[in-house]
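Protein chains in written order, with the numbering used here: chain A, 1 to 87; chain B, 1 to 394.
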């Protein structure tokens, strides 16, 4: 007997890991951003995008709220805020 | 072709004619001669195989996991500590439904360190989803390796198959063996075709996460396949016999069970000694017999029940122990008769750990003990002098 134990690459997108957040989410302040791109580079989930200064954002459907981006942002332009707060 | 070969070399010859595309292994006594010989075949150009040297057994198992995932026939071998180091990967190979053939040259497990033979190492892999076949002699080792490739790769099975052969007693002993011709093997063993494999043209994710909604079904599927293998194995055995002209037992071998009153159940090379005692005792007029178990996983419950149901006194000889319980094979056979009518008296013996001798005298003593009270877990041939220095608190 066999059950399906493989899948097509990319199907992990179907699993929206944003629900794993435990109360905090990153907020991109868009004030002091130098477009160094470190946040996008170090995000373990690869869900931060942006190009120009003060344009970076993340996909909250997938962000697990680990807070590494806020910890590492050289300009302190990302902070972790309560889940309910408008971002 | 008949040849006079060391057990390990005979296995290497059998693997060679099955033409695996990848072999990866790490040396460990008493398995080393097998892969050493295969490495020689590769070096001399006799065998066109990718032989991958690695730094540990964990890596060896991981390499063959990868090559099998690519749909390439693969082989590895190990013993004892090496096999335990492979364990994590072997569970994965079974879970990923990859048809690895692996030889276990059975050896005791540390500590204390022992390079000698018992069956504790493969016993530790009992629940991994690996099919386990135990061999009695070198010819059986050769034949069951060929059978193992066919069984593992059968599209209805796709599970790893481990051929367990007693270290030293079989791996380092010489015997005249019949190695089939390559053309015979080619007609018995078709090229490996996996329905799903890693392919850059057609990408696929393997080894994915399975949450609580799906995990249990993957285990259920393996359990069902183990049951299906009980039906499939005799089919493949017929093919083997037709092609080689040699008989092959795949579940167990019944030895003089007709009208037997007392039977010893055993596994591996010790079966030769047990059979010899059966012959002698039969000549003396005792109604005794033996049953040599070959397929431990899957455990052929119905077939074993049919073979043993009229035997009143049974002894099970384990060459491994589930510490804190009893002999692992003993519990299987107790469970086999649970709730059945006319349950026989079943006694359990532990013997031959770390290559302690099991002589004809000990086998005779076991047969005699079957007349007395049922024994759960009795060690045979203990070194009493050594035990005199032991501390005991109850």
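We treat Cβ as the ideally placed atom computed from N, Cα and C, and that holds for glycine.
Simplified DSSP state of residue i, which is helix, strand or coil
i             : result
residue 281/B : helix
residue 8/B   : helix
residue 53/B  : strand
residue 120/B : helix
residue 29/B  : coil
residue 41/A  : helix
residue 176/B : strand
residue 114/B : coil
residue 354/B : helix
residue 89/A  : Outside the displayed span of chain A (1 to 87) sits residue 89/A, for which this structure offers no information.
residue 37/B  : helix
residue 106/B : strand
residue 379/B : strand
residue 64/A  : coil
residue 334/B : helix
residue 2/B   : strand
residue 237/B : helix
residue 149/B : helix
residue 390/B : coil
residue 36/A  : coil
residue 155/B : coil
residue 73/A  : coil
residue 198/B : coil
residue 143/B : helix
residue 44/B  : coil
residue 373/B : coil
Distance, residue j Cα to residue i Cα
i             : j             : result
residue 91/B  : residue 54/A  : 49 Å
residue 260/B : residue 378/B : 23 Å
residue 113/B : residue 320/B : 15 Å
residue 268/B : residue 135/B : 5 Å
residue 221/B : residue 15/A  : 25 Å
residue 274/B : residue 380/B : 14 Å
residue 283/B : residue 303/B : 28 Å
residue 67/A  : residue 70/B  : 38 Å
residue 45/A  : residue 7/A   : 19 Å
residue 300/B : residue 49/A  : 58 Å
residue 312/B : residue 272/B : 23 Å
residue 406/B : residue 127/B : It is not possible to answer for residue 406/B, since the shown part of chain B is limited to 1 through 394.
residue 318/B : residue 266/B : 7 Å
residue 204/B : residue 52/A  : 35 Å
residue 37/B  : residue 9/B   : 6 Å
residue 96/B  : residue 86/A  : 44 Å
residue 58/A  : residue 34/A  : 17 Å
residue 290/B : residue 281/B : 12 Å
residue 246/B : residue 12/B  : 20 Å
residue 69/A  : residue 154/B : 50 Å
residue 252/B : residue 233/B : 12 Å
residue 384/B : residue 390/B : 10 Å
residue 63/A  : residue 17/A  : 7 Å
residue 223/B : residue 241/B : 28 Å
residue 72/B  : residue 202/B : 16 Å
residue 315/B : residue 366/B : 7 Å
residue 278/B : residue 372/B : 19 Å
residue 331/B : residue 5/B   : 36 Å
residue 93/B  : residue 100/B : 8 Å
Residues that residue i bridges to, as DSSP identifies them
i             : result
residue 101/B : 75/B, 161/B
residue 80/A  : 26/A
residue 57/A  : 49/A
residue 290/B : 255/B, 264/B
residue 206/B : 6/A
residue 132/B : 162/B, 297/B
residue 316/B : 265/B, 348/B
residue 22/B  : 50/B, 74/B
The ligand ATP heavy atom lying under 8 Å from the CB of residue i
i            : result
residue 74/B : Within the structure as shown, the ligand ATP is missing, as the structure has no ligands at all.
At least 3 beta-carbon pairs within less than 8 Å: the segment 129–141 of chain B vs the segment 164–173 of chain B: yes
Cβ pair count under 8 Å reaching 3, the segment 323–332 of chain B against the segment 347–366 of chain B: yes
Cβ contact (3+ pairs, closer than 8 Å) linking the segment 29–48 of chain B and the segment 79–87 of chain B: yes
At least 3 beta-carbon pairs within less than 8 Å: the segment 28–39 of chain A vs the segment 77–84 of chain A: Yes, since at least three Cβ pairs between the segment 28–39 of chain A and the segment 77–84 of chain A fall closer than 8 Å, the two stretches touch.
Near-chain A residues of the segment 215–227 of chain B - C-beta to any C-beta below 9 Å: 217, 218, 220, 221, 222, 223, 224, 225, 227
Residues within the segment 78–110 of chain B neighbouring chain A, beta-carbon criterion of under 9 Å: 95, 96, 97
Cβ-based contacts, 7 Å cut-off: residues of the segment 181–211 of chain B near chain A: 196, 203, 204, 205, 206, 208
Stretch-stretch touch, CB-based, cutoff 8 Å, three pairs: the segment 168–177 of chain B with the segment 288–300 of chain B: no
Stretch pair the segment 13–22 of chain B + the segment 49–57 of chain B: three plus CB contacts closer than 8 Å: yes
Where the segment 6–30 of chain A meets chain B: residues whose CB sits under 9 Å from a CB there: 6, 7, 8, 9, 10, 11, 12, 15
Validate contact between the segment 145–160 of chain B and the segment 108–123 of chain B using beta carbons, cut 8 Å, 3 pairs: no
Members of the segment 37–49 of chain A near chain B, C-beta cut-off 8 Å: Answer set for the segment 37–49 of chain A: empty.
Near-chain B residues of the segment 49–66 of chain A (beta-carbon distance less than 7 Å), N- to C-terminal order: none
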